[in-house]
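Okay, so here's the structure we're looking at.
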Amino acid sequence: MIPRTSQPLTFFSPDETNHLGAFFFDTGISAGFPSPAEDFKEQRLSLDKELIKNKEATFFARVSGQSMIGAGLDDNDLLVIDRSLEPENNKIAVCFLDGEFTVKRLKVNKGEVWLQPENPNYAPIKVTEENNFVIWGIVTNVIKKVY
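Every letter in the sequence shown is one number past the one before it in the numbering used here, and letter 9, counting from 1, is 223.
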């Protein structure tokens with residue numbers, strides 16, 4: 215097992231610089247046989263409207279590490295985090311634990327709180343009263359680069 219050490223997350227605030235949004239083709243992109251080009255209807259799409267439900271409570275953070283790869287969160291992915299959402303069992307959360315930020319799946323059972331990694335090389339973390347612990351926000355989306 216890899217010890218419980220986490221690297222810091224880098225946080226960003228949303229910045230609405232383009233109110234028009236990017237071009238969006240509302241027909242779906244075929245992963246099988248191509249569709250005729252004449253079927254495409256061009257519209258505008260704002261990623262802010264798609265990804266951010268509460269602008270004042272939403273932040274972005276870049277993932278650092280491999281503990282959540284089983285949940286599809288890879289090193290350098292960009293997380294969309296909503297601080298206004300209530301933490302619930304099985305949600306992926308950004309937590310502040312003993313002076314460090316970490317992203318893990320919340321497991322709440324019989325009054326116990328566990329931070330569950332999604333990589334078998336990392337051990338679950340039991341949160342106790344001795345820990346300095348805050349659930350900072352709930353991850354709502356992940357933005358990936360495709361190379």
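We put the beta carbon where it would ideally sit given N, CA and C, even for glycine.
On a predicted model such as this, the values are computed, not experimentally measured, just so you know.
### Query
Under 8 Å, do Q286 and V360 count as touching if we go by C-beta distance?
Checking the sequence, you will find Gly at residue 286 rather than Gln. No. Outside cutoff.
### C-beta atoms of V308 and I295 nearer than 8 Å
Against a cut-off of 8 Å, the Cβ pair of I295 and V308 comes out as a contact.
### Whole-angstrom distance between S260 and F310, CA atom to CA atom
Distance between the alpha carbons of F310 and S260 is about 31 Å.
### Message
Here's the rule: buried if 16 or more other CB atoms are within 10 angstroms of the residue's CB, otherwise exposed. What is P331?
### Response
Result: buried.
### Query
Near V322, what residues of its chain come up, given a Cβ to Cβ distance below 7 Å and the 5 sequence neighbours on each side ignored?
Taken in chain order, the residues that qualify are N303.
### Message
Comparing C-alpha positions only, which one of E314, M282, D291 and G284 sits nearest to N346?
### Response
The shortest C-alpha separation from N346 is found at E314.
### Query
By DSSP, does I266 sit in helix, in strand, or in coil?
Coil at I266, not helix or strand.
### Message
Determine, for E302, whether the minimum Cβ-Cβ distance to residues of chain B falls below 8 Å.
### Response
No chain B is part of this structure, which consists of one protein chain only.
### Query
Pick from D262, M282, K340 and T272: whose alpha carbon is nearest that of S298?
Of the candidates D262, M282, K340 and T272, the one whose C-alpha sits nearest the C-alpha of S298 is T272.
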